[in-house]
Every structure is written in C-alpha cells, then in structure tokens.
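Visitor: Each number in our numbering corresponds to the 1-based position in the sequence shown with 490 added. Even for Gly, the Cβ is constructed at its ideal location relative to N, Cα and C.
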Amino acid sequence: MEKIDTLDRKILDIVMKNARIPSKDVAEVCGVSRAAIHQRIQRMIDLKIITGSGYHVNPNILGFTTCAYIGVNLEKGSMYKDVVPEFEKIPEVVECHFTTGPYTMMIKLYARDNQHLMELLNGKIQNIHGVVGTETLISLEQSMIREIPIKYEE
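1. Return yes when the C-beta of ASP536 is under 7 Å from any heavy atom of the ligand FAD, and no when it is not.
2. What's the gap between the Cα of ILE618 and the Cα of ASN604?
3. So TYR570 and PHE588 are supposed to be a Cβ contact under 8 Å. How far apart are they, rounded?
4. What first and last residue would you give for the beta strand (DSSP E) that runs through GLU585?
5. Would you call the segment 562-577 and the segment 537-546 in contact, with 3 or more CB pairs under 8 Å?
6. Based on the DSSP secondary-structure assignment, which residues constitute the bridge partners of ALA625?
7. Starting from ALA509, trace the beta strand (DSSP E) in both directions and tell me its first and last residue.
8. Hey, would you say LEU599 sits closer than 8 Å to GLU582, going by beta carbons?
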C-alpha cells in the first residue's frame with residue numbers, strides 16, 4: 491500500500507465521521523481546493539484505502555431482529571475458498587471471516603427471529619458441502635460500532 495500523508499489522513503478522519511459531507515466543506519477544513527479533495531479521495535479509492543461509502547441501515551427496522559455470529563468448522567481448512575461462494579448466496583450472511591482458533595470460519599448474519607435463524611442453520615448453512623459443525627452466538631445488543639481511528643498531525 492502506498493503511504494498516505496497527513497492531508498490524506500485528515501480527509502479520512504473527516505469523511506469517516508460523515509460520508510455525506512460536501513467536498514467544499516472538507517476542502518475548507520483542510521485548507522485546499524475542492525478539486526484536490528476529489529483527486530485525493532479518488533486516489534484513496536483506487537488504492538483501496540477507501541473501500542466503500544453509503545448508508546448504514548438498521549436491520550431491526552427492516553424486521554431482522556436476530557443478529558448471530560456462527561462459528562463454522564470445515565472438513566479441511568482448504569475448503570474455505572469453496573464455502574465462501576455458498577455463503578455469498580445467503581443474503582442474510584453479512585460477514586465471513588477465515589479464522590484461527592476453535593473455528594475455521596466465523597460468519598455474521600441477521601435473521602427475522604429465532605425460527606428464521608434455525609431455518610438458515612438447518613436448511614442452508616449446515617447443508618453446505620464441507621461444513622461439519624457450527625456454533626451459534628446470538629448478539630443481545632450491539633453496544634458500539636466504529637471505524638479504526640485515523641491519526642494525523644496538524
């Protein structure tokens with residue numbers, strides 16, 4: 491990854507707090523032109539420093555009241571590459587990680603309720619070729635969510 495400078499870090503700090511902030515406002519805070527902000531943001535997108543932007547949607551409001559983390563064990567760790575596309579076919583699965591520790595993989599999903607969660611586990615996840623076991627942890631409350639802090643010097 492190409493090194494980012496203090497201005498890039500300052501821009502990241504601002505847009506991470508509010509992705510909808512107008513470029514002119516970022517430019518004003520940073521003391522540079524709006525064009526410079528656009529160019530720097532585009533460069534950071536091209537370098538995959540910035541990997542997305544958009545709105546965070548509250549799953550509860552959409553009827554998905556159960557958030558669960560599922561530890562998944564595979565026959566062989568090398569099956570990971572074959573199992574990920576199967577998880578991508580399940581819209582309720584929002585994260586998938588290849589992990590160390592007691593599980594081969596860890597996934598995060600949202601279900602409408604516990605019955606829906608059971609259907610996802612029994613009808614989809616546990617039927618994926620290579621999955622030999624699962625352990626489910628239900629999140630009772632999300633206490634916080636944030637991005638990694640960006641440090642910059644003025």
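Guide: In terms of the structure at hand:
1. Absent from the structure shown: the ligand FAD. Ligands present: none.
2. 20 Å
3. 5 Å
4. Membership of GLU585 in the beta strand (DSSP E) is indicated by the continuous run 583-588.
5. no
6. The residue asked about is misnamed: residue 625 is Glu in this sequence, not Ala. GLU625 pairs with GLY561.
7. Unbroken run through ALA509: none, as it is neither H nor E.
8. yes
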